[in-house]
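So the sequence lines, in the order shown, correspond to chains C, H, E and B.
The first sequence maps to residues 1 to 204 in the UniProt record's numbering.
The second sequence maps to residues 1 to 204 in the UniProt record's numbering.
The third sequence maps to residues 1 to 204 in the UniProt record's numbering.
The fourth sequence maps to residues 1 to 204 in the UniProt record's numbering.
The C-beta atom is built at its ideal place from N, Cα and C for all residues, glycine as well.
Protein chains: 4
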Amino acid sequence: MNINKLFGEEMIINDAIEEIIENVMAVSAETDEEHVNDMMDILTSSKNVFLLGQGRSGLVARAFAMRLMHLGISVYVVGETITPAIGEEDCLLAISGSGETSYIISTAMIAKKRGAKIVAVTSYEKSTLGTISDLIMHIKGRTKVDSEKNYIKRQMNGKHLSLSPLGTLFEVSTLIFLDALIAQLMDKMGKTEDDLKKRHTVLE
Amino acid sequence: MNINKLFGEEMIINDAIEEIIENVMAVSAETDEEHVNDMMDILTSSKNVFLLGQGRSGLVARAFAMRLMHLGISVYVVGETITPAIGEEDCLLAISGSGETSYIISTAMIAKKRGAKIVAVTSYEKSTLGTISDLIMHIKGRTKVDSEKNYIKRQMNGKHLSLSPLGTLFEVSTLIFLDALIAQLMDKMGKTEDDLKKRHTVLE
Amino acid sequence: MNINKLFGEEMIINDAIEEIIENVMAVSAETDEEHVNDMMDILTSSKNVFLLGQGRSGLVARAFAMRLMHLGISVYVVGETITPAIGEEDCLLAISGSGETSYIISTAMIAKKRGAKIVAVTSYEKSTLGTISDLIMHIKGRTKVDSEKNYIKRQMNGKHLSLSPLGTLFEVSTLIFLDALIAQLMDKMGKTEDDLKKRHTVLE
Amino acid sequence: MNINKLFGEEMIINDAIEEIIENVMAVSAETDEEHVNDMMDILTSSKNVFLLGQGRSGLVARAFAMRLMHLGISVYVVGETITPAIGEEDCLLAISGSGETSYIISTAMIAKKRGAKIVAVTSYEKSTLGTISDLIMHIKGRTKVDSEKNYIKRQMNGKHLSLSPLGTLFEVSTLIFLDALIAQLMDKMGKTEDDLKKRHTVLE
């Protein structure tokens, strides 16, 4: 597959966009219908959905939280002002590329002990976060763990180093996956864009 | 171009991912080297870069702000705790799909009056935000303005309604464009991924 | 009343604490039972309470929002991720010392047009915010409006300039008033501290 | 000392305000000039000041951060978008009533290992946070640790239960102490209110 020709002139910026798109395509290709349905079942059957992420993964968590709110799902972001105690009828969706962020793991452990379901969105199914989760949604990315390997590979290929530095591939791919999941949830819940608009904040 | 085959089985979620990728490709295709260079010149020559966005565009602004900070650029997010007064040596990068969000426009006007340069990231170059900006980075998206038109078109095509509801296409495409711009900025500024890591927060 | 003797040694820091306490006492002295009851009625009868404030007043709004959440009141902070559309069964509590912050006024106007009740917490009952509100809770403070006058008065008195710079007196007094209102709301709603603890976030 | 007469009529809200003021007075009375000077020395000699707190203590941290920024001190809030890596020329000011919040302790430990100075603002000097800190600023409060004891004492006195539930006394007293410290810092740094205004954000 030569996807290069689909892109603009050969600036670094276009190479970087291409690298991101290739990763997203790989994520799409490995999307499993049954697994997506299981994830949607947890999100729609929980009393409250708690979103958790750190740094840029935390921003992705918030972007997803907004859309879940637009769908009418009761959702909270861990760390925001009005987030209440989590309970056994709730679920925690934790986003961590490496699955080893200590704050994410300790928070997920507290939620698990209180009986909440844990959904992990991570590149590493065998990570600590993965092992304590009820459902793992694998999102391919170049995370901290394998960055050294890629460094050498890139050098050998004579390519630009770090077109997508740090967690970029995971974060962007997760955002796109979760945004696409919103379309699937709209279908499942029988919601139209107008329904979403009605819940959209009007206070700037 | 039949890009369908590159994607997974025909779930809505895959259609939605495809719609997003097609939009990102269109953004990549219209990327103009000179224009990107002008934007980078403003970002690297300003004393401080102020990031502005609302709702999910605000989250994109923050994700970009983190990477600019990693690059060593002095950057602030409008609305966060430690954001100081903007001045004439600074620039404001405002993200708004429609370019008509009243809060964004009034804030950009204040910045402009104080002598700061304005960079608009928007789908509408002729919007109010566009007309008051020193540089406009056009990012294709389906924004509020043309949603009605698309509604009918989709119905006619028998396609799923609202695969990318509300501002999704603009927001995701902007995030990817700005993340790709980071790669270009790394090259321009001679920064490696290790340089970014050194600035990355260590306090979870 | 010579309250000086109640305080520690004559450092500026103690003078500043004294100035704050004197302002809080004045706020307490003018607290009117009926008016407080009217405010509590709005807070407890609304479907959702929306909190609004900017800068440090916004932080006070959030501190109050946390306690309202602990009480089991459905509460949102304007500008946070999961804040939905405001409606006619809701109320907006807007905190602004001057009552003239343009963002606060324009947001309150939108809420008013949508039929929500407006509660203003301000030092200026005749301010624009005050005039559009259903209930005004006056909190004495030295706000931007009278700072020039005080500047001269302080100079004449040979006192330290700006023991409580900018909106400090209003912000701190508002926080204490609203925290004390929580005690009154606990009594009205028959809630104990243990009830609050049960709702307190457990996810750090 | 009968301070009751200084307050308004005997509503719960006035009792609660009184309880808060009494605590603030106790904080003022134990303020030690040398200790305050040591704290100011750390804040003004550090390359960057990092502010840390959770929940309502985190809001107090941000309110203080805004004023430090207004003073021209380079300040960051842990958890916000543009907060960079902490280093050995920096200090971390951590606010925790109990001094035992696990997230605060683990974050302070990371900062300490990287060579940063730690300033603890806490009610418990012998807490874990206290023991790892370079300087402890004791702020009296009724924190989680002694709430049971107070519960019984209050019952015996026939007083209202929980006029200042949870961490209220500590949080409010800390805000007032830190706001008063700003006045002392203005004097030390030779800053006027106009200097603060010049740094105050103009972008709403």
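Residue environment, residue i, which counts as buried when at least 16 other CB atoms sit within 10 Å
{"i": "residue 37/C", "result": "exposed"}
{"i": "residue 126/H", "result": "exposed"}
{"i": "residue 32/H", "result": "exposed"}
{"i": "residue 46/E", "result": "buried"}
{"i": "residue 90/H", "result": "buried"}
{"i": "residue 1/H", "result": "Residue placement at residue 1/H is flagged as unreliable, the pLDDT there being 35, under the threshold of 50; the coordinate-derived value follows with that caveat. Exposed, by the Cβ-count rule."}
{"i": "residue 128/H", "result": "buried"}
{"i": "residue 131/B", "result": "exposed"}
Cβ pair residue i, residue j closer than 8 Å
{"i": "residue 24/H", "j": "residue 51/H", "result": "no"}
{"i": "residue 186/H", "j": "residue 162/C", "result": "yes"}
{"i": "residue 202/C", "j": "residue 114/E", "result": "yes"}
{"i": "residue 100/B", "j": "residue 107/H", "result": "no"}
{"i": "residue 87/E", "j": "residue 116/E", "result": "yes"}
{"i": "residue 119/E", "j": "residue 13/E", "result": "no"}
{"i": "residue 140/B", "j": "residue 98/B", "result": "no"}
{"i": "residue 85/C", "j": "residue 198/E", "result": "yes"}
{"i": "residue 59/E", "j": "residue 169/B", "result": "no"}
{"i": "residue 56/H", "j": "residue 171/H", "result": "yes"}
{"i": "residue 109/E", "j": "residue 184/B", "result": "no"}
Same chain only: Cβ atoms within 8 Å of residue i, ignoring 5 sequence neighbours per side
{"i": "residue 138/E", "result": "30, 122, 123 and 125"}
{"i": "residue 196/B", "result": "67, 70, 71 and 186"}
{"i": "residue 176/H", "result": "24 and 27"}
{"i": "residue 54/H", "result": "96, 101, 103 and 104"}
{"i": "residue 44/B", "result": "73, 185, 188 and 189"}
Own chain partners of residue i with C-beta closer than 7 Å, once the 5 adjacent residues on each side are dropped
{"i": "residue 16/B", "result": "163 and 164"}
{"i": "residue 135/B", "result": "38, 39, 42 and 119"}
{"i": "residue 208/C", "result": "The question about residue 208/C has no answer here: the residues shown for chain C are numbered 1 through 204."}
{"i": "residue 133/C", "result": "118, 119 and 120"}
{"i": "residue 200/E", "result": "70"}
{"i": "residue 34/H", "result": "none"}
Residue i at chain D interface by Cβ criterion, 8 Å
{"i": "residue 198/E", "result": "Included in the structure are the protein chains C, H, E and B, with no chain D among them."}
Could you name the residues of the stretch 31-42 of chain E whose beta carbon sits closer than 8 Å to any beta carbon of chain B, in the order they occur along the chain?
For the stretch 31-42 of chain E, which is checked against every Cβ of chain B, the residues closer than 8 Å are 31, 33 and 36.
Mind the definition here: the stretch 165-182 of chain B touches the stretch 12-28 of chain E only if three or more C-beta pairs lie below 8 Å; say whether that holds.
Enough Cβ pairs lie closer than 8 Å, so yes.
Take every Cβ of the stretch 78-96 of chain B, pair it with every Cβ of the stretch 62-71 of chain H, and state whether three or more of those distances are shorter than 8 Å.
Yes, since at least three Cβ pairs between the stretch 78-96 of chain B and the stretch 62-71 of chain H fall closer than 8 Å, the two stretches touch.
Between the stretch 90-106 of chain E and chain H, which residues of the former have a C-beta closer than 9 Å to a C-beta of the latter?
Of all residues in the stretch 90-106 of chain E, 102, 103 and 106 have a Cβ within less than 9 Å of some Cβ in chain H.
Using a Cβ-Cβ cut-off of less than 9 Å, list which residues of the stretch 55-75 of chain E approach chain B; keep chain order.
Taking 9 Å as the Cβ-Cβ cut-off against chain B, the residues of the stretch 55-75 of chain E that qualify are 55, 56, 59, 60, 62, 63, 66, 67 and 70.
Using a Cβ-Cβ cut-off of less than 7 Å, give me the residues of the stretch 170-183 of chain C that come near chain E, in sequence order.
Answer set for the stretch 170-183 of chain C: empty.
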